[in-house]
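Residue numbering for the sequence shown is 5 to 127, as defined by the working numbering.
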Amino acid sequence: MSPPAFEPKAFPPRRFEEGAFIFREGDPPGCAYVVQTGKVEIFRGQGASRRLLGAVKPGGIFGEMALIDNSPRMADAIAAETTVCLVIPPAAFREKLEKADPFIRALLRILVKNTRSMAEVMD
5 MSPPAFEPKA
15 FPPRRFEEGA
25 FIFREGDPPG
35 CAYVVQTGKV
45 EIFRGQGASR
55 RLLGAVKPGG
65 IFGEMALIDN
75 SPRMADAIAA
85 ETTVCLVIPP
95 AAFREKLEKA
105 DPFIRALLRI
115 LVKNTRSMAE
125 VMD
């Protein structure tokens, strides 16, 4: 998978130590993140119902769904090891999104809606 088309120099890197929450389920939308080094794990639920949804490795992006549909975070993002991410501010993300073909924008919104619906059913 090729990394997203964001210029690394344009966005500040941020370091997260192992175990650090990058954001929590239910948080308002904020920034998106591109992993430069390390690994981020995405969890949903609390206590006995908590489950790992996936891991994001270098070149991967996370936190984008909340920016696409302007909804609260649907999961926790936690640094699985010391991790450095590029921080993509909402304005920069939206600017990229608005430059995309309208069909692609609509498709992304549908995919995000479907993902959120599936997550609710799985709870």
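The C-beta atom is built at its ideal place from N, Cα and C for all residues, glycine as well.
Give me, in chain order, the residues of the same chain whose beta-carbon lies closer than 7 Å to that of residue i; leave out the 5 immediate sequence neighbours on both sides.
| i | result |
| --- | --- |
| Arg113 | Ile72, Asp73 |
| Gly30 | Pro76, Arg77 |
| Gly23 | Ile82, Ala83 |
Leaving out five residues on either side along the sequence, give the residues of the same chain with a beta carbon under 6 Å from the beta carbon of residue i.
| i | result |
| --- | --- |
| Ala123 | Met78 |
| Ile46 | Leu57, Gly58, Ala79, Ala81 |
Among the options, which residue has its Cα nearest to the Cα of residue i?
| i | options | result |
| --- | --- | --- |
| Gly51 | Asp80, Ala59, Ser121 | Asp80 |
| Arg120 | Arg98, Phe97, Phe107, Glu68 | Glu68 |
| Cys35 | Arg54, Ser53, Ser75, Arg55 | Ser75 |
| Arg28 | Val39, Val44, Val38, Gln40 | Val44 |
| Phe97 | Lys117, Ala70, Pro106, Ala110 | Ala70 |
| Val60 | Arg48, Arg54, Gln40, Gly49 | Gln40 |
| Ile26 | Arg54, Leu115, Phe66 | Phe66 |
Just grab the DSSP bridge partners of residue i for me.
| i | result |
| --- | --- |
| Val39 | Cys89 |
| Leu56 | Phe47 |
| Ala83 | Val44 |
| Arg18 | Cys89 |
| Phe66 | Tyr37 |
Identify, in the order they occur along the chain, each residue of the same chain with its Cβ nearer than 8 Å to the Cβ of residue i, setting aside the five sequence neighbours on each side.
| i | result |
| --- | --- |
| Met5 | Annotation note: pLDDT 44 at Met5 (below 50); position unreliable, coordinate value reported separately. Closer than 8 Å at the Cβ level, and outside the excluded window around Met5, lie Gly63, Gly64. |
| Ala14 | Ala96 |
Beta carbon of residue i: closer than 7 Å to some heavy atom of the ligand ZN?
| i | result |
| --- | --- |
| Phe47 | This structure simply doesn't include the ligand ZN, nor any ligand for that matter. |
Give the C-beta separation of residue i and residue j to the nearest angstrom, bearing in mind that I take them to be a contact with Cβ-Cβ under 8 Å.
| i | j | result |
| --- | --- | --- |
| Arg33 | Pro94 | For the sequence presented, residue 33 should be read as Pro rather than Arg. Contact holds; Cβ gap of about 7 Å. |
| Tyr37 | Ile92 | 7 Å |
If we count Cβ pairs, one from each stretch, closer than 8 Å, do we get three or more for the stretch 19-37 versus the stretch 81-89?
-> yes
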